[in-house]
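A short worksheet on the structure shown next.
Residue numbers (the working numbering): 15 to 426.
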């Protein structure tokens with residue numbers, strides 16, 4: 015698990031270095047901010063339709079082999095892009111194609127790597143392992159964003175892509191040496207796995223997800239929070255540079271506090287032992303109330319005080335939700351459930367920012383934060399009340415109940 019964490023840190027740092035540089039590269043090629051957003055959407059779009067197929071592949075084939083092959087393919091894509099940049103042969107069309115292929119490979123790589131990490135710890139430690147993964151992700155994100163500027167400044171844009179390619183190769187080299195922990199949930203392999211995949215295909219994975227009230231509730235809570243909150247890079251940027259009259263440096267401070275809160279939240283999330291949908295809902299409602307307070311904030315200083323717990327609550331909620339998602343389904347269906355979740359999450363990531371942008375156009379940044387927080391809190395409260403009403407209260411039977419008639423025994 016320590017080797018896997020180190021490998022993921024290196025890979026996340028390389029990925030965020032490439033993402034940061036890619037946005038700058040698109041701006042250099044096209045000079046258009048809209049084209050930058052389009053390149054991000056093209057890379058995310060394959061998950062909308064292909065995540066369920068990627069999850070089925072993860073359930074069908076050995077997890078270590080699947081993760082190693084997907085990481086190697088991502089390395090090839092990164093090296094190809096780096097070579098084209100170094101030779102000054104990269105145009106916008108080629109970049110879009112490479113971004114789309116990256117997105118396709120990621121539909122297999124993401125669930126494979128997520129579940130592979132769970133194999134390295136006993137079943138009861140999976141929530142803690144997911145928290146460690148969130149901590150590694152946030153640390154890699156900070157390191158990658160910082161290294162991107164240094165790398166481009168001293169070595170050029172192509173160097174960032176080469177570095178990301180080597181980070182994928184590092185993960186590929188580590189995977190063969192990983193061994194499941196004693197007490198870990200074992201994945202079916204060989205003929206048993208292929209028989210399971212043929213008996214339970216993509217449609218059965220979708221049906222399982224639809225029949226699980228816990229997963230549907232988790233999707234509802236996470237979806238409404240993703241659309242009307244959490245896009246703090248958008249809402250807080252407009253709030254800080256607009257009503258609070260701050261500049262880019264002020265928003266940089268806010269972003270740093272958000273990142274620090276994410277790391278603190280990941281550490282706290284790693285201590286979770288029994289995460290639940292109820293905990294996710296409570297944390298989302300708490301974050302919504304903090305978001306309303308942030309929208310009412312009269313000064314940058316007060317906003318900074320509120321931003322830290324907002325980020326902590328969001329990070330712990332994400333960790334708890336991921337733990338529920340990866341431990342609730344049976345082992346032979348977890349890849350497909352993660353695939354379904356990937357498709358749903360793509361809808362949120364593609365539709366959330368435009369919806370939130372429209373809300374800001376209508377209500378302003380303060381109004382968007384307040385309205386969004388109110389919608390999240392009200393929705394979660396309504397769902398909780400409806401769930402309580404549907405709960406059937408058991409009725410105690412008399413101590414000496416008359417024996418049922420034989421003809422009614424089955425119905426009783």
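Just so you know, even glycine gets a beta-carbon here, dropped at the ideal spot from N, CA and C.
Collapsed DSSP secondary structure at residue i in the structure displayed
i, result
"residue 261", "coil"
"residue 21", "helix"
"residue 321", "helix"
"residue 152", "helix"
"residue 193", "coil"
"residue 206", "With a pLDDT of only 48 at residue 206, under 50, the local geometry of the prediction cannot be trusted, and the value read off the model is given with reservation. Reduced to three states, the DSSP call for residue 206 is helix."
"residue 142", "helix"
"residue 363", "helix"
"residue 251", "helix"
"residue 292", "helix"
"residue 7", "Given a span of 15 to 426 for the chain in the structure shown, any question on residue 7 remains unanswerable."
"residue 427", "Because the chain spans 15 through 426 in this model, residue 427 falls outside it and cannot be assessed."
"residue 226", "coil"
"residue 173", "helix"
"residue 283", "helix"
"residue 12", "The question about residue 12 has no answer here: the residues shown for the chain are numbered 15 through 426."
"residue 244", "coil"
"residue 29", "helix"
Cutoff 8 Å; reference residue i; Cβ partners in own chain excluding five residues on either side
i, result
"residue 390", "238, 239, 242, 243, 298, 299, 301, 302, 305"
"residue 135", "15, 142, 143, 195, 198"
"residue 320", "304, 307, 308, 311"
"residue 232", "291, 294, 335, 338, 339"
"residue 371", "248"
"residue 380", "253, 257, 309, 310"
"residue 230", "223, 224"
7 Å CB neighbourhood of residue i in its chain, flanking five on each side removed
i, result
"residue 171", "35, 39, 99"
"residue 126", "72, 77, 80, 81, 84"
"residue 31", "158, 161, 162, 165, 174, 177, 178"
"residue 328", "244, 279, 301"
"residue 394", "235, 295, 298, 299"
"residue 369", "241"
"residue 21", "184, 185, 188"
"residue 421", "The predicted position of residue 421 is uncertain, since its pLDDT is 44 and thus under 50; a value taken from the coordinates is nonetheless stated next. Correct list: empty, nothing qualifies."
"residue 255", "261, 265"
"residue 366", "240, 241, 245"
Contact set for residue i: own chain, Cβ-Cβ below 6 Å, skip 5 residues either direction
i, result
"residue 331", "294, 297, 298"
"residue 12", "Nothing can be reported for residue 12: it is not among the residues displayed for the chain, which extend from 15 to 426."
"residue 154", "23, 26, 27"
"residue 373", "382"
"residue 87", "119"
"residue 289", "141, 334, 337, 338"
"residue 384", "306, 309"
"residue 116", "57, 91"
"residue 180", "none"
"residue 387", "302, 305, 306"
Within 7 Å, strictly: CB atoms of residue i and residue j
i, j, result
"residue 56", "residue 113", "yes"
"residue 169", "residue 89", "no"
"residue 278", "residue 326", "yes"
"residue 148", "residue 341", "no"
"residue 121", "residue 65", "yes"
"residue 145", "residue 273", "no"
"residue 313", "residue 150", "no"
"residue 106", "residue 43", "yes"
"residue 96", "residue 360", "no"
"residue 356", "residue 61", "yes"
"residue 276", "residue 124", "no"
"residue 347", "residue 222", "yes"
"residue 271", "residue 322", "yes"
"residue 268", "residue 286", "no"
Q) In chain order, which alpha helix (DSSP H) runs of at least 4 residues are fully inside the stretch 65-136? A) 77-100, 106-132
Q: Scan the stretch 295-350 and note each continuous alpha helix (DSSP H) run of 4 residues or more that stays entirely inside, going in chain order.
A: 314-341
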